[in-house]
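Numbering (my numbering), first residue to last: 586 to 782.
Heads up, the beta-carbon is just placed ideally off N, CA and C, and yes, glycines get one too.
Since the model is a prediction, treat every value here as computed from it, not as a measurement.
One structure is given here, and the rest of the page talks about it.
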């Protein structure tokens with residue numbers, strides 16, 4: 586990381602630290618994992634879920650680097666439910682949680698800066714995921730969601746993020762489809778000519 590910062594010091598001189606430097610960390614990890622994959626003939630599984638993919642809360646060539654996106658079509662709240670279910674079912678009788686409880690209970694974070702949580706940038710996942718499902722999977726309008734009691738600010742933010750992050754999703758690896766509408770062939774949004782709906 587320090588070598589990257591030194592290489593960019595001249596170009597970044599006088600500019601404040603921001604997400605650029607934070608994303609370098611994720612890209613370094615992605616490069617290292619892809620090198621291991623290449624050397625040993627394995628595949629990197631990405632960690633992005635549907636909530637993160639929808640809102641662009643992921644780093645191109647960082648945590649998105651890989652060959653298969655296992656949880657790509659599961660919302661963050663579904664991932665937590667699945668993790669709890671897996672820990673409650675012990676088919677091998679080990680009496681050990683394969684997913685450490687602290688991973689499930691701590692506030693979600695990209696861990697790119699100290700004390701960062703996802704809610705610094707996004708609505709709580711219970712709200713975000715409900716908006717995502719209604720908007721993307723059920724074609725519910727912004728006005729209808731607001732009428733149903735969602736905060737207009739949250740609905741507008743989530744739907745805007747979905748629209749402007751299509752370019753990231755187009756570069757994501759393939760993954761398992763588990764909902765009736767997943768990103769990819771079920772959801773294509775224009776990314777050229779400054780298209781805005």
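Between the Cα of residue i and those of the options, spot the shortest distance and give me the residue it belongs to.
| i | options | result |
| --- | --- | --- |
| residue 750 | 760, 594, 644 and 601 | 644 |
| residue 770 | 590, 754, 780 and 622 | 754 |
| residue 752 | 764, 618 and 638 | 638 |
| residue 647 | 688, 605 and 732 | 605 |
| residue 664 | 746, 710 and 682 | 710 |
| residue 614 | 602, 705, 586 and 598 | 586 |
| residue 758 | 626, 598, 656 and 597 | 656 |
Across which residues does DSSP place residue i in a beta bridge pair?
| i | result |
| --- | --- |
| residue 630 | 653 |
| residue 760 | 654 |
| residue 772 | 769 |
If we ignore side chains and look at the alpha-carbon of each, how far apart do residue i and residue j end up?
| i | j | result |
| --- | --- | --- |
| residue 553 | residue 641 | Any question about residue 553 goes unanswered here, given that the chain covers just 586 to 782. |
| residue 737 | residue 745 | 12 Å |
| residue 610 | residue 690 | 24 Å |
| residue 549 | residue 681 | What is shown of the chain runs 586 to 782, which leaves residue 549 out entirely. |
| residue 603 | residue 593 | 14 Å |
Apart from the five residues just before and just after residue i, which ones in its own chain have a Cβ nearer than 7 Å to its Cβ?
| i | result |
| --- | --- |
| residue 629 | 618, 619, 622, 650, 651 and 652 |
| residue 776 | 751, 752 and 755 |
| residue 764 | 658 and 722 |
Apart from the five residues on each side of it in sequence, which residues of its chain come closer than 8 Å, Cβ to Cβ, to residue i?
| i | result |
| --- | --- |
| residue 730 | 716, 719, 720 and 740 |
Checklist entry - Is the stretch 622 to 636 in contact with the stretch 657 to 672, if contact means three or more CB pairs nearer than 8 Å? => result yes
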